[in-house]
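According to our numbering, the sequence shown is numbered sequentially starting from 34. Just so it is clear, CB atoms sit at the ideal spot from N, CA and C, and this is done for glycine as well.
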Amino acid sequence: RNVPFEANKRELRELFSAFGQLKTLRLPKKFDGAHRGFAFIEFVSKQEASKALEALQSTHLYGRHLVVQYSEQDDSVEAMRDKVRGVFESANRSAAAKKRKKGGEDDLAPPDDDDEDIGVEL
């Protein structure tokens with residue numbers, strides 16, 4: 034965290050590779066192309082990661098104090114899908130309940146058979 038916006042992947046790779054072999058280095062970007070101010074660096078071994086974490090605790094880069102910490106373990110893909118599915122199902126139930134309360138039609142209902150379909154054929 035707190036990666037200066039002037040820093041780039043090459044500089045981070047040079048800084049962290051002094052402590053061991055890097056497996057991956059990600060520098061997430063915003064829509065405008067600038068990075069978001071944090072990075073994910075994965076080492077080949079836990080020992081190398083520990084060495085870098087310990088050595089870089091008080092490091093400054095372009096005048097900014099780097100906050101180096103272990104990232105949180107990600108959920109499995111299936112667990113994330115289930116979580117997102119639950120959020121959308123809850124939102125759909127809530128929207129349908131509001132429409133019923135107002136007496137409106139449910140946008141999620143299938144179209145009537147006599148409705149004309151409009152489409153594009155490829």
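Opening and closing residue of the alpha helix (DSSP H) in which Lys79 lies: Stepping through the sequence shown from its first residue, residue 79 is reached at position 46. Start and end: Lys79 to Ala88.
Any 3 or more C-beta pairs closer than 8 angstroms across the region 40-54 and the region 73-87: yes
Assigned exposure category for Gly152 - 16 Cβ within 10 Å defines buried: Your numbering for residue 152 matches position 119 in the sequence shown. The predicted model places Gly152 with a pLDDT of 44, which falls under 50 and marks its position as unreliable; any figure quoted below should be read in that light. Its Cβ having fewer than 16 others within 10 Å, Gly152 is exposed.
Proximal residues to Leu60 (C-beta, below 6 angstroms), its chain only, five neighbours per side dropped: In the sequence shown, the residue the question calls residue 60 occupies position 27. Counting only Cβ-Cβ distances below 6 angstroms, and skipping sequence neighbours, we find Lys42, His68 and Ala72.
Simplified DSSP state of Phe73, which is helix, strand or coil: As a first step, residue 73 is located in the sequence shown; it is residue number 40 there, counting from the start. Three-state result, Phe73: strand.
Ordered list of alpha helix (DSSP H) runs contained in the region 104-137, each at least 4 residues: 110-135
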